[in-house]
Amino acid sequence: MLGLEGWYSTNILGNRDGEVLDAPENFKSKEVSKLGVLDTILQPELYPDLYGDIHHVVRINYYPPRGDNKEGWDNIDIFGWLGYPMQIKVDFLCRDSILAAPIVLDLALFMDLAHRAGESGVQEWLSFYLKAPQSSTDSGPEHDLFIQQTKLKILFVNGWGKNPLRIVKLAKGKPDFKKLNHQL
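The working numbering puts the last residue of the sequence shown at 500; the count rises by one with no breaks.
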């Protein structure tokens, strides 16, 4: 397994999102949500030698000439076998609204479908689409992309009669979501 020493993430935005997040009081809630995701995914309490002391920095910079063009730049400092340091660099260029539009359309259609099926409240099966999913249980939100995708597929394959959350709760032990995902 690879260990994580640090993750520096910055976004450059020139649209209204960037302008709003340029104010420190608005950025703070975004920073807190982004900083908390790594702990949830990596589980440092289970792997303290690999993820116990991560340096994580999140920045969002407002740069008006960028307009709706968004740049997300990440520098990830990792270590591998025998503790040798390595880096992963990601530079993602996109149009913010074009990136979001199909997701918003899917969410609107799926919420209409849920409403027609008589569902209400938190729709955990839509967590696949959300950076900060909500949960209706004490166990908290699910951040594992494979589990999120499996819950979504179970619902669409079986319909609301076999809600993915109920299937997961009925399973003995921890279900193998990756195996289940391939079967769907």
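We put the beta carbon where it would ideally sit given N, CA and C, even for glycine.
None of the values given here were measured: they were computed from a predicted structure.
First and last residue of the uninterrupted beta strand (DSSP E) at residue i
i    : result
S325 : 319-329
Q403 : 401-411
Y378 : 371-378
Per-residue burial, residue i [other beta carbons within 10 Å of its own, 16 or more giving buried]
i    : result
H371 : exposed
H459 : buried
K485 : Caution is warranted here: a pLDDT of 46 is assigned to K485, below 50, making its placement in the model unreliable, and no coordinate value can be reported.
L415 : exposed
Y378 : buried
N474 : exposed
L421 : exposed
S311 : An answer regarding residue 311 cannot be provided, because it is not within the stretch 317 to 500 covered by the chain.
Residue range of the alpha helix (DSSP H) that includes residue i
i    : result
F395 : That residue, F395, is in no alpha helix (DSSP H); its beta strand (DSSP E) goes 385-395.
E341 : 340-358
Q439 : Here Q439 belongs to no alpha helix (DSSP H), and DSSP marks it neither H nor E.
P364 : 364-367
L461 : 461-474
Where residue i falls: helix, strand or coil (DSSP)
i    : result
E335 : helix
S452 : coil
Y445 : helix
A433 : coil
P457 : coil
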